[in-house]
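One structure is given below, encoded as structure tokens.
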Amino acid sequence: MTKVPVETWEAAIAAVAGGLSERKATKAYGISRGPLHQRINGLVPLEARLGPQLGYITEGADRGVVETVRYRALHGMCVRYEELRSMLRVAAETAGTRPLNDDFPNDKFTQRWLAKHPDLSSRTAQLLDVDRASASTADVVLHYFNNLQSVMKTLDLLDKPNRIWNCNETGICPQGRGRVRVICPKALRANVQRSADRENVSIMACVNAAAKECHRFTFSRV
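First residue of the sequence shown: 207, per the working numbering; consecutive thereafter.
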């Protein structure tokens, strides 16, 4: 079936707005009445392809869900898969126009929704301490790198990678890592928060800019 140009939909919608009935508009422009009615009422975008659509959720509500997923990911609180399903159901109940089954949204619908937003992905979560999350802001990171560049220039280290070392700590939590699936934009890390007062076994790793490393050091901490 040939795809209807957006200009044709726009002309048909304008004709209906000018007083022409939907039935006559479909005949005049050679389009189907159902898709025309959906576009007039904003249930699907003008450029939507023919075939099954995610008509349970309006375009505005859909954008709201995406914005919520992005906001939480930016603050280290990625949306879990079951949370996403709950959000989609609330969006459909609040702004949708179609009756919902008890199991809505099922896995098939949720996977189709994710496929509709290729910039989002379902990944295994990475634990992130609350204290670390509160400090991981754009301003803090930018200040760090600006300060690092200034120090490297002062110490004449810009062309001496073997003298530039970085020490990083990785904590292993005895309660488990909580490897749940979360929804996160592809450009961001899939973080979830945890309490900052748990006992951990820490591994200290130290490497330099020339890819050399020191022996690892492990210790327990509270």
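Ideal Cβ placement from N, Cα and C applies to all residues, glycine included. In this text the structure is predicted, and so the values were computed from the model without any measurement.
Notebook entry, point to check: Alpha carbon to alpha carbon, how far is Tyr235 from Val296?
Noted result: The residue labelled residue 235 in the question sits at position 29 within the sequence shown. The residue labelled residue 296 in the question sits at position 90 within the sequence shown. Using only the alpha carbons, I get a separation of about 37 Å.
Note to self: Counting C-beta neighbours from all protein chains within 10 Å, is the total for Tyr277 16 or more, i.e. buried, or is it exposed?
What the structure shows: One-based indexing of the sequence shown puts residue 277 at position 71. Exposed, by the Cβ-count rule.
Next item on the list: Select from Val386, Asn414, Ile409 the residue whose C-alpha is nearest the C-alpha of Cys284.
Entry: To locate residue 284, count along the sequence shown from 1; it is residue 78. Sorting Val386, Asn414, Ile409 by C-alpha distance to the C-alpha of Cys284 places Val386 at the top.
Check: Could you give the uninterrupted runs of the alpha helix (DSSP H) lying entirely in the stretch 268-300, keeping only those of 4 residues or more?
Finding: Qualifying alpha helix (DSSP H) stretches: none in this window.
Check: Going by alpha carbons, who is nearest to His323 out of Gly224, Thr232, Pro391?
Finding: Against the sequence shown, residue 323 aligns to sequence position 117. Residue Pro391 holds the alpha-carbon nearest to the alpha-carbon of His323 among Gly224, Thr232, Pro391.
Next item on the list: Please say whether Thr274 and Met293 have beta carbons closer to each other than 8 Å?
Entry: In the sequence shown, counting from the first residue as 1, residue 293 sits at position 87. In the sequence shown, counting from the first residue as 1, residue 274 sits at position 68. Yes, Cβ-Cβ distance for Met293 and Thr274 is below 8 Å.
Check: Ala301 and Gly266: beta carbons closer than 8 Å?
Finding: Reading the sequence shown from its first residue, position 95 is the one you call residue 301. Reading the sequence shown from its first residue, position 60 is the one you call residue 266. Contact: yes.
Next item on the list: Name the residue from Lys366, Ala218, Asn312 whose alpha carbon lies nearest to the alpha carbon of Glu288.
Entry: As a working note, residue 288 is residue 82 in the sequence shown. Nearest option by C-alpha distance: Asn312.
Margin query: Please return the same chain residues whose Cβ sits closer than 6 Å to the Cβ of Ala279, not counting the five positions on each side in sequence.
Written below: Position 73 of the sequence shown holds residue 279. For Ala279, the CB contacts under 6 Å within the same chain, skipping 5 residues up- and downstream, are Cys390, Pro391, Leu394 in chain order.
Check: Looking at Thr214 and Ile246, is the spacing between their C-beta atoms short of 8 Å?
Finding: Locating residue 246 in the sequence shown gives position 40, where the first residue counts as 1. Locating residue 214 in the sequence shown gives position 8, where the first residue counts as 1. Taking a C-beta distance under 8 Å as the contact criterion, Ile246 and Thr214 do not qualify as a contact pair.
Next item on the list: With distances taken Cα to Cα, identify the nearest neighbour of Asn374 among Phe351, Ile409, Asn368.
Entry: For the purposes of this step, residue 374 is taken as the residue at position 168 of the sequence shown. Cα-wise, what sits closest to Asn374 is Ile409.
Next item on the list: Throw me the rounded Cβ distance for the Glu216 and Leu252 pair, which I believe falls under 8 Å.
Entry: On the sequence shown, position 10 is the one that residue 216 refers to. On the sequence shown, position 46 is the one that residue 252 refers to. Rounded, the Cβ-Cβ distance is 7 Å, consistent with contact.
Item checked: Collapsed DSSP secondary structure at Ala411 in the structure displayed -> Indexing the sequence shown from 1 puts residue 411 at position 205. The answer is strand: DSSP assigns Ala411 an E or B state.
Next item on the list: Answer yes or no: do Arg329 and Val271 have a C-beta to C-beta separation smaller than 8 Å?
Entry: The sequence position of residue 329 within the sequence shown is 123, counting from 1. The sequence position of residue 271 within the sequence shown is 65, counting from 1. In this structure, Arg329 keeps its C-beta atom at 8 Å or more from the C-beta atom of Val271.
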